[in-house]
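FYI, numbering that gives the first Met the number 0 numbers position 111 of the sequence shown as 110, with every residue one higher than the one before it.
We put the beta carbon where it would ideally sit given N, CA and C, even for glycine.
Report on the following structure.
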Amino acid sequence: MTLVELSWLAMAAYAVHILEEYTFDWRDWARGVIGLPVEWTDFYVTNAVVVALGMAQGMLAPTLPWAPLTYAALMIINAVFFHILPFVTTRGRFSPGLVTAVVLFLPLGIAMFAAASSEGRLDLATSIGAAVGGALLMASPVVMLKLKDKPWFVQRR
Numbered sequence: 000m001t002l003v004e005l006s007w008l009a010m011a012a013y014a015v016h017i018l019e020e021y022t023f024d025w026r027d028w029a030r031g032v033i034g035l036p037v038e039w040t041d042f043y044v045t046n047a048v049v050v051a052l053g054m055a056q057g058m059l060a061p062t063l064p065w066a067p068l069t070y071a072a073l074m075i076i077n078a079v080f081f082h083i084l085p086f087v088t089t090r091g092r093f094s095p096g097l098v099t100a101v102v103l104f105l106p107l108g109i110a111m112f113a114a115a116s117s118e119g120r121l122d123l124a125t126s127i128g129a130a131v132g133g134a135l136l137m138a139s140p141v142v143m144l145k146l147k148d149k150p151w152f153v154q155r156r
């Protein structure tokens, strides 16, 4: 499969991942296990952005390989740091999204980097940029959740 085809599969995989997280109550898990002050509205908005980014990276894949590779990095980081590691550190407590993270995110993310490499579209700068971009995308909603109740950011005065 090409990077372009895989990029659209990644978008579909993220949709299934969101469904798994929602169905198995990711919000309460995130509050209880990783201490995120998250509400369902935060979940909805964040995942709407992820879907929009998924569509954008799919459309940009033919000309900008860093876009789908950043999305692939986001999926890999999400899988490892927000699903697999919490599952391991809590000695097997189910993390909503774990199944799709392992079955879809890891294989697709790796396949996207492999496809970019085989197509001659992967170099060190693109790899580093994608990893940094994926990490920033993953961190941004978490950081905003932690900051939103700080006085400088509160708008209800």
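What are the boundary residues of the alpha helix (DSSP H) that includes Gln56?
-> Working through the sequence shown from its first residue, we reach residue 56 at position 57. Here the alpha helix (DSSP H) through Gln56 covers 39-59.
Looking at Asp24 and Pro95, is the spacing between their C-beta atoms short of 9 Å?
-> Here residue 95 corresponds to residue number 96 of the sequence shown, with the count starting at 1. Here residue 24 corresponds to residue number 25 of the sequence shown, with the count starting at 1. In terms of Cβ geometry, Pro95 and Asp24 form a close pair [threshold 9 Å].
Is there contact here, the segment 105-117 with the segment 70-77, by at least three beta-carbon pairs under 8 Å?
-> Contact holds: three or more Cβ-Cβ distances are below 8 Å.
Can you grab the Cα-Cα spacing for the pair Val3 / Leu121, in whole Å?
-> Translated into positions along the sequence shown, residue 3 becomes position 4. Translated into positions along the sequence shown, residue 121 becomes position 122. Straight across, the Cα-Cα distance linking Val3 with Leu121 is about 14 Å.
Please name the residue in Ile75, Val48, Ala14 whose C-alpha comes closest to that of Phe104.
-> For the purposes of this step, residue 104 is identified with residue 105 of the sequence shown, where counting begins at 1. Checking every option, the nearest Cα to that of Phe104 belongs to Ile75.
DSSP state of Arg174, grouped into three classes?
-> Here the chain covers residues 0 to 156 and nothing more, so residue 174 does not appear.
Tell me where the alpha helix (DSSP H) around Lys145 begins and ends.
-> Reading the sequence shown from its first residue, position 146 is the one you call residue 145. From DSSP, the alpha helix (DSSP H) with Lys145 extends over 123-146.
Of the choices Leu97, Val49, Leu5, whose alpha-carbon is the least far from that of Ala14?
-> Here residue 14 refers to the residue found at position 15 when the sequence shown is read from its first residue. Comparing C-alpha distances from Ala14 to each of Leu97, Val49, Leu5 shows the shortest one belongs to Val49.
Helix, strand or coil for Met0, going by three-state DSSP, please let me know.
-> For this step, residue 0 is matched to residue 1 along the sequence shown. It is coil, neither helix nor strand.
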